[in-house]
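Single-structure report; data block below.
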Amino acid sequence: MSIFRPPIVRSASAALDRALFSKTIPMAAARVASLKNLSCYRQKLEKSKELMQLERVMNVRPDPDPSLAEKGGKCLLLKPEIKPEETDPTTWSAVLQEAVEKDDIGIIPYNLKLDYSYWTYHDVMTSLLPEDAQGEIPVGFAIVGHIAHLNLRDEYLPYKKVIAEVLVDKNPQIRTVINKVDDVGTHSVFRTFEYEVLTGPDDMNVELSEGDCIFKFDYSKVYWNSRLQTEHKRLVDSFQPGEVVCDVMAGVGPFAIPAGKKGVFVWANDLNPNSYASMKEAVVQNFVRPYCEDGHTFIHKAADDLLHLTATNQNTVSVRSKAKRPRGAAPLVPAPSPTLVTIPPTISHFVMNLPATAIDFVGSFNGLYHSHEKLFTPYTDVKLPMVHVHCFSTKSDDNVRETMEICERISTRLDWEIKPGDEELVVHEVRDVAPKKRMFCATFRLPAEVAFRERRVLSSVHLDWKWKWKSMFDGLVEKLVPHLGVTNIRTLYLLAYHPDAESNPQQLLVLTVVVPPLKAPCPASRPDPGCPWKQAIAYGTVRYTHCTSLYA
1407 MSIFRPPIVR SASAALDRAL FSKTIPMAAA RVASLKNLSC YRQKLEKSKE
1457 LMQLERVMNV RPDPDPSLAE KGGKCLLLKP EIKPEETDPT TWSAVLQEAV
1507 EKDDIGIIPY NLKLDYSYWT YHDVMTSLLP EDAQGEIPVG FAIVGHIAHL
1557 NLRDEYLPYK KVIAEVLVDK NPQIRTVINK VDDVGTHSVF RTFEYEVLTG
1607 PDDMNVELSE GDCIFKFDYS KVYWNSRLQT EHKRLVDSFQ PGEVVCDVMA
1657 GVGPFAIPAG KKGVFVWAND LNPNSYASMK EAVVQNFVRP YCEDGHTFIH
1707 KAADDLLHLT ATNQNTVSVR SKAKRPRGAA PLVPAPSPTL VTIPPTISHF
1757 VMNLPATAID FVGSFNGLYH SHEKLFTPYT DVKLPMVHVH CFSTKSDDNV
1807 RETMEICERI STRLDWEIKP GDEELVVHEV RDVAPKKRMF CATFRLPAEV
1857 AFRERRVLSS VHLDWKWKWK SMFDGLVEKL VPHLGVTNIR TLYLLAYHPD
1907 AESNPQQLLV LTVVVPPLKA PCPASRPDPG CPWKQAIAYG TVRYTHCTSL
1957 YA
């Protein structure tokens, strides 16, 4: 009803004046002579459809006469079309007329007062924004702990401060509102983003609950997407207690921590040291083991670690009983003895939730279980691991084109064909991320032809770095490898830290390069103190821990 709409203010570009949203609505009320009849007449008027039903407004109110209200007098708010006695009694139903004739109730004027606290966020913004900005009022935002994360379109930027204030007013759990000012990953390989604080304290340390687990982290330094909660649960539900899951790009652990809580062994890795620190704080008993390494090397490391634990009889963990006892009951004395649980020697699932580049990592599955064929079918009942790789693609009604395109990209990296229709292949639609962009999760069984082949590097390497310093690495391999003094390097994983790393630890590059064979070793050069890069480490068969003039 138009009378229950807020006043038109149209001052979104100015400071928010909450007093302008006060409104008085004249209407009628049924004054109940005796409180013992209140419930009876409330039911009758509700049945006759004369009782006002307005969201967030109680229709049983104190009597507008202060002297009667002090004595506990009540009245029932009536719909706007019902007029007071002296105005138009012809608007009354037979129920009202009979009640008035019996002096059980009286129809009186009533002024309903609504203020800023009553109106919803959408009500207020409809009132504030100019008419040409009413098309798509900003209503979609992510809530991360006490933070509301906006991604405002350009036409709403002039009103961003007011939008933020109203959001805080209408959402008690929100204290801080931020607006993203660039795309995720523009300035950091850790998928963080630049932001501006629109209102509230610049406090990015959040605590939130998901999957019955508590996560604490600095939202400005790690990646978190609240819209992926359904996807987190979908995959975690597919894991069985006692299995081993390798989470290659684990973030702060939205897959790993809930999985560990249900008794899944998780090798959880993330290159971001801030994500790693937060994940360590949230680990569940001995089920989750956090790492901070490059995902390319971690895939083989996780598989090799499990095999080593089994070979050296270190593959058991002690788990304390979770038996519940009645509230208030004394602890059991003595406490139940811990149970020894055996960790399987092989991985059941790999999760790769880095949709922008995760497919580039699947080449690292080459030779994952080379020379360990007898651990799997047909020699045992154990199957090769399932791989869950998240990625982006285009959008269509049936996703047929997208499924084909995703399979082709995976096949290129695996050097083995994965195609639609393959048994156990599922390309699951996760969510739309843009008008023409969709996120998917491709799930497939790691082919034996890939897992058991001799460990080797692919014939080429894919570098896809949108980074302003990329030009500094042109020709890096040709310059760097001769100075390492070795001939057996085939794959080089290089971490390079910019001089700003101390003040901004997100200034980190990870490059994966294929090294051609060398005929003879060359002596290493001396460190150059003028080098602009603080540290470089080659992961693989050699470590290189000093800078040389080749980086300049």
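At the far end of the sequence shown sits residue 1958, using my numbering, and the numbering has no gaps. Ideal Cβ positions, reconstructed from N, Cα and C, are used throughout, including at glycine.
Quiz item: Is the region 1801 to 1814 in contact with the region 1769 to 1782, if contact means three or more CB pairs nearer than 8 Å?
Solution: no
Exercise. Inspect the CB distances between the region 1660 to 1669 and the region 1617 to 1626 and report whether three or more fall short of 8 Å.
Key: yes
Quiz item: Under 7 Å from any heavy atom of the ligand GTP, does the C-beta of proline 1679 make it?
Solution: With respect to small molecules bound, the structure shown includes none, and the ligand GTP cannot be examined in it.
Quiz item: Using DSSP with H/G/I as helix, E/B as strand and the rest coil, what is arginine 1467?
Solution: strand
Quiz item: When burial is assigned at 16 or more other CB atoms within 10 Å of the CB, is arginine 1411 buried or exposed?
Solution: exposed
Exercise. State the Cα-Cα distance for the pair lysine 1842 and lysine 1567, rounded to the nearest angstrom.
Key: 29 Å
Practice problem: Let me know the secondary structure DSSP gives glutamate 1830 once reduced to three states. | Solution: coil
Self-check item: Start-end ranges of the alpha helix (DSSP H) lying completely within the region 1497 to 1554, minimum 4 residues
Solution: 1500 to 1507, 1527 to 1534
Exercise. In the DSSP assignment, find the beta strand (DSSP E) that holds serine 1743 and state where it starts and stops.
Key: Segment: none, serine 1743 is in no beta strand (DSSP E) and carries neither H nor E.
Quiz item: If you run the structure through DSSP and keep just helix, strand and coil, what is lysine 1842?
Solution: coil
Practice problem: Would you mind reading off the limits of the beta strand (DSSP E) that contains alanine 1435? | Solution: 1429 to 1438
Exercise. Just tell me which of Val1806, Val1793, Glu1829, Phe1645 has its CA closest to the CA of isoleucine 1816.
Key: Val1793
Exercise. State the DSSP-derived secondary structure class of lysine 1707, mapped to helix, strand or coil.
Key: helix
Quiz item: Does the distance from the C-beta atom of threonine 1752 to that of threonine 1722 stay below 8 Å?
Solution: no
Exercise. Return the bridge partner residues of phenylalanine 1623 from the DSSP annotation.
Key: Val1612
Quiz prompt | Cα-Cα separation, histidine 1796 to leucine 1760 | solution = 6 Å
Exercise. Kindly indicate the opening and closing residues of the alpha helix (DSSP H) around valine 1568.
Key: 1566 to 1576
Practice problem: Using 10 angstroms around the beta-carbon of alanine 1420, count the other beta-carbons present and answer buried if the total reaches 16, otherwise exposed. | Solution: exposed
Quiz item: Do the region 1454 to 1463 and the region 1503 to 1517 make contact, defined as three or more Cβ pairs closer than 8 Å?
Solution: no
Self-check item: Paired residues, beta bridge with histidine 1794 - DSSP
Solution: Val1757, Thr1849
Quiz prompt | Nearest residue (CA-CA) to alanine 1548, options Asn1631, Gln1503, Ser1473 | solution = Asn1631
Practice problem: State yes or no: is the C-beta of proline 1495 within less than 8 Å of the C-beta of isoleucine 1514? | Solution: no
Exercise. Could you tell me if histidine 1755 is buried or exposed, where buried requires 16 or more neighbouring beta carbons within 10 angstroms of its beta carbon?
Key: buried
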